[in-house]
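A short worksheet on the structure shown next.
In the numbering used here, the protein residues as written are 971 to 1536.
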């Protein structure tokens, strides 16, 4: 072929790859037995999109950078097993009369192409795209094909408890071929919760109905009302997945299991609780592939990051993060540990539970059954020569005392407390039995936080809030000199809620000399807080108001989570 060009020539002439980079890859090719393009992607000389474009040029094929959302009819997907599509990275795009357009990632592997032609009986037209885009399309398409919980409810209506057997966990919930209605219902319940970004699934039996609720961005929404007679089957299926005792219905049980949803690993923690109308079940979803957020991603502005960064980089002391349950305290500490994590520091944590695995950090799981408590774990950590210690929560006097002693003997200790504001953490430590002079000398800073819902960026609009809302923050509003606020109108992207995701609001209290003096005088938290504000601390509501004016959240959200400051 006169116009045939090698892939190296195309990358060199059309895509700006240097001759040195190609020659280096060719030398590696003799050892690794990979294709030239794969080696260049692996060494990050080019990305997968550039490689796909170059292959399309070489083979004179059409290139698609993104596959359209509404593609491949359900009857077409039903003919092709999801395992086949994932293994060979092949996806049907559309059928036009007798011709089928198919997205492929490897144009040199003809086997799946030939098999698909035999399977569908259609003439195939290949379209080249990236492996990542094909996987996205597969997960999107087969998730739609799997159907919703509504279909599963129709199936379990009329079923009896004897139909709920089947204890094999599917490799991927979208790939489940099990036709047992209860199993399909539980699978679709988890899949839909993941799709809607729910953090928890609540299954609650009452006298005449069974209610399923999802917690999305901290708010519970009623989603389904399955038939009450399916309750026992649903609970038993979840217990089987979590390896709990299905015969024990009188005592609370806790367990966990892992599934794959649309190709992503999801950990689920299960809690069952006997009530007068049957067992109540709560599942906590944790996306293991989501990764740990950085300090700027959790909502800290540059000045707050600077102050917080100075505190976490100290050689010794205690840094406390406070707030109610579910306010993102552990996420903040993970972000701080990620910033500090390097080969020069020995970082060890004791947690309950371990929510994310941090590479390079030693993490200990609390286990009360074998007397591995926070206090006992902390004692053991001190014998491991740590530089930085994270204690999941200071719950009792013993843990508080060991934390203080650790800080005073040259360790940096991070931990959390359940208090409403930063100043309250100081008085809480004293109430736990820590001497005021020890608390004053060991604690270097306290961060209080809340989570507010982010306004959906796709339907955000500027508004003038009702007068009664403005009255609630009249003094703070006059200080800010601005009364422009925003709300989410509601759209498909945010499920018509108007919010999508959450962000933190913060108050950071450094332990200054005047604050130490007030603590030594046993002053109350309100006095300490006012002194900190006089020295420049921005309280929670003021930080929330700044985010509301910036259009990140709404005024209603700020008032909702800072009611105790009114």
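Glycine included, every Cβ here is placed at the ideal spot set by N, Cα and C.
Can you look up residue i in the DSSP assignment and give me helix, strand or coil?
i            : result
residue 1385 : strand
residue 1211 : helix
residue 1138 : At residue 1138, the pLDDT of 39 sits below 50, so the modelled position is not reliable; the number obtained from the coordinates is stated separately. If DSSP states are grouped into helix, strand and coil, residue 1138 belongs with coil.
residue 1220 : coil
residue 1326 : coil
residue 1504 : helix
residue 1179 : coil
residue 987  : coil
residue 1421 : strand
residue 1350 : helix
residue 1407 : helix
residue 1402 : coil
residue 1022 : helix
residue 1338 : helix
residue 1186 : strand
residue 1131 : Here the model assigns residue 1131 a pLDDT of 42, short of 50, so the residue's position is not dependable, and the following value carries that caveat. Note: residue 1131 maps to helix in three-state DSSP.
residue 1415 : strand
residue 980  : helix
residue 1542 : Summary: the structure shown does not reach residue 1542, with the chain confined to residues 971 through 1536, and so no result is reported for it.
Should residue i be labelled buried (16 or more other beta-carbon atoms within 10 Å of its own) or exposed?
i            : result
residue 1423 : buried
residue 1391 : buried
residue 1022 : buried
residue 1155 : buried
residue 1206 : buried
residue 1359 : buried
residue 1433 : exposed
residue 1372 : buried
residue 1132 : Annotation note: pLDDT 43 at residue 1132 (below 50); position unreliable, coordinate value reported separately. Residue 1132 should be labelled exposed.
residue 1246 : exposed
residue 1292 : buried
residue 1147 : Here the model assigns residue 1147 a pLDDT of 47, short of 50, so the residue's position is not dependable, and the following value carries that caveat. Looking at its Cβ environment, which holds fewer than 16 other Cβ atoms inside 10 Å, residue 1147 is exposed.
residue 1081 : exposed
residue 1175 : buried
residue 1457 : buried
residue 989  : exposed
residue 1356 : buried
residue 1177 : exposed
residue 1497 : exposed
residue 1157 : buried
According to the Cβ coordinates, are residue i and residue j closer than 7 Å?
i            : j            : result
residue 1201 : residue 1248 : yes
residue 1028 : residue 992  : no
residue 1096 : residue 1072 : yes
residue 1186 : residue 1162 : no
residue 1222 : residue 1253 : no
residue 1059 : residue 1092 : no
residue 1539 : residue 1397 : Given a span of 971 to 1536 for the chain in the structure shown, any question on residue 1539 remains unanswerable.
residue 1290 : residue 1214 : no
residue 1459 : residue 1429 : yes
residue 1025 : residue 1089 : no
residue 1009 : residue 995  : yes
residue 1240 : residue 1225 : yes
residue 1525 : residue 1474 : no
residue 1037 : residue 1103 : yes
residue 1310 : residue 1384 : no
residue 1195 : residue 1218 : no
residue 1108 : residue 1061 : yes
Note the first and the last residue of the continuous alpha helix (DSSP H) segment covering residue i.
i            : result
residue 1152 : 1151-1165
residue 1371 : 1367-1378
residue 1081 : 1081-1090
residue 1434 : That residue, residue 1434, is in no alpha helix (DSSP H); it is neither H nor E in DSSP.
residue 1288 : Careful: residue 1288 lies outside any alpha helix (DSSP H), inside the beta strand (DSSP E) at 1287-1292.
residue 1281 : 1272-1282
residue 1528 : 1525-1531
residue 1513 : 1510-1519
residue 1483 : 1483-1490
residue 1008 : 1006-1012
residue 1303 : 1299-1310
In the DSSP assignment, find the unbroken beta strand (DSSP E) run with residue i in it and report its ends.
i            : result
residue 1231 : 1223-1231
residue 1478 : 1469-1480
residue 1319 : 1317-1321
residue 1073 : 1069-1074
For residue i, verify whether its CB is less than 6 Å away from any heavy atom of the ligand SAH.
i            : result
residue 1469 : This structure simply doesn't include the ligand SAH, nor any ligand for that matter.
Validate contact between the segment 1431-1441 and the segment 1366-1384 using beta carbons, cut 8 Å, 3 pairs: no
The segment 1325-1332 contacting the segment 1412-1427, beta-carbon criterion three pairs below 8 Å: Verdict: no, contact absent.
At least 3 beta-carbon pairs within less than 8 Å: the segment 1335-1350 vs the segment 1310-1326: yes
The segment 1356-1370 touching the segment 1259-1278, judged by at least three CB pairs closer than 8 Å: no
contact_flag[the segment 1505-1520, the segment 1402-1409] where n(CB pairs < 8 Å) is 3 or more: no
Sufficient close CB pairs (3 or more, under 8 Å) joining the segment 1487-1506 to the segment 1460-1469: no
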